[in-house]
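The letter at position 26 of the sequence shown is residue 278 when you use this note's numbering, and the numbering goes up by one with no holes.
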Amino acid sequence: MGAQLQKPSTIQCMTEYDTLRRVILCPPKFMAIDEAINEVQKQYEDENINKERAMKQHGEFEKLLKENDVDVITLPASEEFPEQVFTRDIGFTIGNEVFVADLAADIRKGEEAPLKEWLSEEEIPYQSATDRMEGGDVIVDQNTIYVGISSRTSAKAVRMLEKKLPEYTVKRIPFDGRYLHLDCVFNILSSEKALVFPPAFDQETLDELAASFELIEVEADEQFSLGTNVLSIGDGKVFSLPQNEKVNSALRANGFEVIEIDFSEIIKSGGSFRCCSMPVERG
253 MGAQLQKPST IQCMTEYDTL RRVILCPPKF MAIDEAINEV QKQYEDENIN KERAMKQHGE
313 FEKLLKENDV DVITLPASEE FPEQVFTRDI GFTIGNEVFV ADLAADIRKG EEAPLKEWLS
373 EEEIPYQSAT DRMEGGDVIV DQNTIYVGIS SRTSAKAVRM LEKKLPEYTV KRIPFDGRYL
433 HLDCVFNILS SEKALVFPPA FDQETLDELA ASFELIEVEA DEQFSLGTNV LSIGDGKVFS
493 LPQNEKVNSA LRANGFEVIE IDFSEIIKSG GSFRCCSMPV ERG
């Protein structure tokens, strides 16, 4: 599966911004909008995806990750699953635990099989999320887990997560489900700062987030181009789209180093850098 690592494998993710050591990707070899399941896909359904361009953009993403000393694990793509590129949704790592997601959309059910196969090959134990839970709704910051409550992640699944991880504080974050996952409207950049798209939240939730972080606001046009869905790889470095000029300017003004990659073909399906990466080791 592309992994050339020695056992035992180290599993550790305590934040969204510690140095990224290992990450799971899947190439968009068969990427297509076969069934529009989010608002962004609806806009591009007729145009659909140029697979060759998507593969080139994803290849550049993988190349730059490796240049930044990140070990990349590549899961095999299957024609049966046109959205496999979004590996964040199929699983998530909290502390020393790997969870395999319970995907909500029928078109995506089964994507988790290659992840389970890789975990088994590496002799990494994992737990299975239950009753609808996807990794795009799970954001970790030390002993606090922020979980988006949406059509993709249920309140029942969050209760089960609390039982499995009693040492963590789980904060439920309700948001407008039109925006698919929590990481499309909220993303933690450091212990002090986070990106947010305010219209996705009620005032009480915004106040709660503002009590924990200095919030950098993303405007509607750049939320649509997934401006919130950046990927932090440590040392203040952040992957972001060059098209999101206001977000990138704000990131730089706040001391972050922005690594710009054109991901315009991939975001047509409703996800960007965070969606396309499943960290298994940070630190």
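Beta carbons: idealized from backbone N, C-alpha and C, even for Gly.
As a beta-bridge residue in DSSP terms, Q264 pairs with E533. Check the Cα spacing between T262 and each of T345, A306 and E268: the tightest is with T345. Where T457 is concerned, the enclosing alpha helix (DSSP H) starts and stops at Q455 to S464.
Within the stretch 372-447, the complete alpha helix (DSSP H) runs of at least 4 residues fall at 407-416.
The beta carbon of E533 sits closer than 6 Å to those of T262, Q264, R273 and R274, all from its chain and outside the five residues before and after it, given in chain order. The DSSP-derived three-state label of L277 is strand. In the DSSP secondary-structure assignment, I468 is bridged to L447. Judged by their CB atoms, T271 and M530 are not nearer to each other than the 8 Å cut-off. A contact between stretches requires three or more CB pairs, one per stretch, nearer than 8 Å, and the stretch 395-409 fails this requirement with the stretch 276-285. In chain order, S402 and S403 place their CB closer than 7 Å to the CB of G429, counting only its own chain and leaving out the 5 sequence neighbours on each side. Measuring C-alpha to C-alpha distances from L432 to each of V490, I513 and G387 identifies G387 as the nearest. For the beta strand (DSSP E) assignment, the uninterrupted runs of no fewer than 3 residues enclosed by the stretch 291-343 are, from N- to C-terminal side, 323-326. In this structure, the CA atom of I359 is about 7 Å from the CA atom of F333. Burial state of P377 is exposed, judged by a 10 Å Cβ sphere holding fewer than 16 other Cβ atoms. With a threshold of 16 other beta carbon atoms within 10 Å, D354 meets it and is buried. Below 8 Å, too few C-beta pairs join the stretch 403-423 and the stretch 436-452 to call them touching: fewer than three.
For V482, no alpha helix (DSSP H) segment is defined, and its DSSP state is neither H nor E.
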